[in-house]
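Residue numbers (the working numbering), protein chains in the order written: chain P, 16 to 97; chain C, 308 to 674.
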């Protein structure tokens with residue numbers, strides 16, 4: 016079965032907005048879902064994987080082409096809402 | 308024969324849970340560490356106000372591309388092994404910036420109101436978590452505040468104001484300065500040992516550095532001038548100019564983002580030019596061309612400029628084009644062709660003589 020990949024476009028948004036939008040989108044997804052985030056802020060290459068590590072989500076791929084940074088992650092355990 | 312009764316083990320003491328305000332700086336990092344040393348489960352919260360420095364200009368400007376672009380709050384959370392909740396409060400925060408009950412600091416920084424607001428937000432989160440999760444919610448709030456460290460918000464007399472006006476009251480613990488302050492609920496209840504808290508005060512950072520060393524924390528962020536653009540004189544000047552030009556004190560997120568970028572020149576109250584200074588800023592401003600009229604040089608390499616406002620005459624349009632030409636590679640030419648593009652995509656070209664320096668008065672330069 017082909018896996019559904021959800022997309023999030025946060026190009027031209029600066030840190031920490033890409034992380035916040037990733038966090039908010041992940042909160043709407045189920046465990047095991049895959050999310051592909053496209054950004055232009057190169058800081059996202061550090062920040063989104065760091066956010067994933069802290070919160071138990073798996074980074075499947077990070078890549079940078081031309082001006083875009085793309086991070087693909089798999090949603091882990093849902094976080095207890097604060 | 309009856310079996311010997313198995314002694315009943317005393318119940319495990321409940322691990323107390325704290326929400327810590329994590330800015331990414333050394334003080335909040337130490338405050339969390341002090342709590343962890345006392346067996347407290349800590350989760351971090353970091354608020355995005357829109358004015359956070361967080362390397363935005365580094366992210367935009369090409370010459371800064373090699374600088375560190377990590378988010379310090381995330382980095383700290385990872386170092387300490389805590390979860391971090393990043394919360395966008397930029398919309399609600401407008402009222403703090405526009406109507407600070409306790410006034411501004413040296414610039415447009417409403418530091419005391421800001422701290423009260425953030426602790427209040429943390430208190431609301433704590434209350435909500437307690438309502439939803441009961442004992443698995445959170446028991447108290449931790450900040451890295453140090454008495455006497457900041458002239459506006461971190462003074463002995465402002466500490467109780469923050470506790471009471473935020474609604475946190477005695478659930479707010481400042482581990483680095485606790486022994487200079489009245490006992491709080493976590494101390495009274497024995498959740499934390501007051502004797503193992505600290506009595507730091509003043510602007511001297513040596514005690515924090517010594518404690519960091521003791522904890523084996525060798526790397527930490529040392530933001531110059533704080534982590535908020537509102538403490539910056541030039542930024543505050545641009546924000547005040549924006550309010551003056553609009554004849555009202557309001558802003559949108561795009562406004563305050565654009566104040567972080569480019570050279571801002573205001574030839575008239577009804578329009579301002581935001582002129583990129585290099586390729587990275589050019590690329591950033593490019594993303595706003597669908598919202599703003601923009602100018603760029605067509606006959607030679609040059610900057611991209613956005614027009615915040617409107618031209619009231621063709622002369623003003625040509626004046627703006629001449630200013631943009633002044634910052635292009637054709638500044639020494641007799642004539643430069645400038646493309647003026649409307650947000651809808653309609654474009655026209657005008658040929659102008661680049662403005663001379665004396666044609667751009669200093670007072671037009673907002674920052």
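Glycine included, every Cβ here is placed at the ideal spot set by N, Cα and C.
Using only the alpha-carbon positions, how far apart do residue 413(C) and residue 580(C) sit? Translated into the one-based positions of the second chain, residue 413(C) becomes position 106. Translated into the one-based positions of the second chain, residue 580(C) becomes position 273. Going from the Cα of residue 413(C) to the Cα of residue 580(C) covers about 27 Å.
Name the DSSP beta bridge partners of residue 23(P), please? Here residue 23(P) refers to the residue found at position 8 when the first chain is read from its first residue. Per DSSP, 52(P).
Reduced DSSP category for residue 660(C) - H, G, I as helix; E, B as strand; rest coil = As a first step, residue 660(C) is located in the second chain; it is residue number 353 there, counting from the start. Reduced to three states, the DSSP call for residue 660(C) is coil.
Check your understanding: If the cut is a Cβ gap below 8 Å, which residues of chain C does residue 50(P) touch?
Key -> In the first chain, the residue the question calls residue 50(P) occupies position 35. The premise fails here: residue 50(P) is roughly 16 Å from chain C at the closest Cβ pair, so nothing lies under 8 Å.
Based on Cα-Cα distance, which residue from 36(P), 20(P), 64(P) lies nearest to residue 27(P)?
For the purposes of this step, residue 27(P) is identified with residue 12 of the first chain, where counting begins at 1. Cα-wise, what sits closest to residue 27(P) is 36(P).
I'd like to check one pair, residue 425(C) with residue 355(C): are the Cβ atoms closer than 7 Å? Within the second chain, residue 355(C) is the residue found at index 48, counting from 1. Within the second chain, residue 425(C) is the residue found at index 118, counting from 1. In this structure, residue 355(C) sits away from residue 425(C), with a CB-CB distance that is not shorter than 7 Å.
*Is residue 377(C) close to chain P, meaning its C-beta is less than 7 Å from at least one C-beta of that chain?*
As a first step, residue 377(C) must be located in the second chain, where it is residue number 70. Residue 377(C) counts as touching chain P.
For chain C, find out if any of its Cβ atoms is closer than 7 Å to the Cβ of residue 42(P); answer yes or no. To locate residue 42(P), count along the first chain from 1; it is residue 27. For residue 42(P), no Cβ of chain C is located within less than 7 Å of the residue's own Cβ.
Whole-number beta carbon distance between residue 53(P) and residue 25(P), since they are thought to touch under 8 Å
As a working note, residue 25(P) is residue 10 in the first chain. As a working note, residue 53(P) is residue 38 in the first chain. Between residue 25(P) and residue 53(P) the beta-carbon gap is near 7 Å, inside 8 Å, which marks them as a contact.
Q.
At the level of alpha carbons, what is the spacing between residue 657(C) and residue 435(C)?
A. Within the second chain, residue 657(C) is the residue found at index 350, counting from 1. Within the second chain, residue 435(C) is the residue found at index 128, counting from 1. Near 59 Å, if we compare the C-alpha coordinates of residue 435(C) and residue 657(C).
- Item | Interface flag, residue 30(P) vs chain C, CB-CB below 7 Å | Walking along the first chain from the start, residue 30(P) turns up at place 15. Answer yes: the Cβ-Cβ gap between residue 30(P) and chain C drops below 7 Å somewhere.
- Query: So does the stretch 373–392 of chain C actually touch the stretch 400–414 of chain C, counting three or more Cβ pairs closer than 8 Å?
  - Reply: No, they do not touch.
Where do the ends of the beta strand (DSSP E) carrying residue 79(P) lie?
Here residue 79(P) refers to the residue found at position 64 of the first chain. Boundaries of the beta strand (DSSP E) around residue 79(P): 73–80.
| Pick from 316(C), 331(C), 546(C): whose alpha carbon is nearest that of residue 451(C)? | On the second chain, position 144 is the one that residue 451(C) refers to. It is 331(C) whose Cα lies nearest to the Cα of residue 451(C).
### Within-7 Å CB hit, residue 594(C) to chain P
For the purposes of this step, residue 594(C) is taken as the residue at position 287 of the second chain. Closer than 7 Å: yes.
Need the endpoints of the alpha helix (DSSP H) that residue 632(C) sits in, please. Indexing the second chain from 1 puts residue 632(C) at position 325. Where residue 632(C) is concerned, the enclosing alpha helix (DSSP H) starts and stops at 621–633.
- Query: Does residue 390(C) get closer than 7 Å to chain P when you measure Cβ to Cβ?
  - Reply: On the second chain, residue 390(C) is found 83 positions in, with the first residue counted as 1. Residue-level contact by beta carbon holds for residue 390(C) and chain P, with a gap shorter than 7 Å.
* Which residues share a DSSP beta bridge with residue 583(C)? -> If you number the second chain from 1, residue 583(C) lands on position 276. Paired residues: none, contrary to the question.
(request) For the alpha helix (DSSP H) containing residue 493(C), list its first residue and its last residue. (result) By one-based count along the second chain, residue 493(C) stands at place 186. Counting along the chain, the unbroken alpha helix (DSSP H) around residue 493(C) starts and ends at 492–495.
If you check the beta carbons only, do residue 445(C) and residue 431(C) fall under 7 Å apart?
-> On the second chain, residue 445(C) is found 138 positions in, with the first residue counted as 1. On the second chain, residue 431(C) is found 124 positions in, with the first residue counted as 1. Not in contact: residue 445(C) and residue 431(C) (Cβ atoms no closer than 7 Å).
Looking at the secondary structure, which residues open and close the beta strand (DSSP E) in which residue 448(C) lies? Position 141 of the second chain holds residue 448(C). For residue 448(C), the enclosing beta strand (DSSP E) stretches over residues 447–449.
If contact is defined by three or more beta carbon pairs under 8 Å, each pair taking one atom from either stretch, is the stretch 563–580 of chain C in contact with the stretch 602–619 of chain C? By the C-beta criterion, the stretch 602–619 of chain C is judged to be in contact with the stretch 563–580 of chain C, since at least 3 inter-stretch pairs fall below 8 Å.
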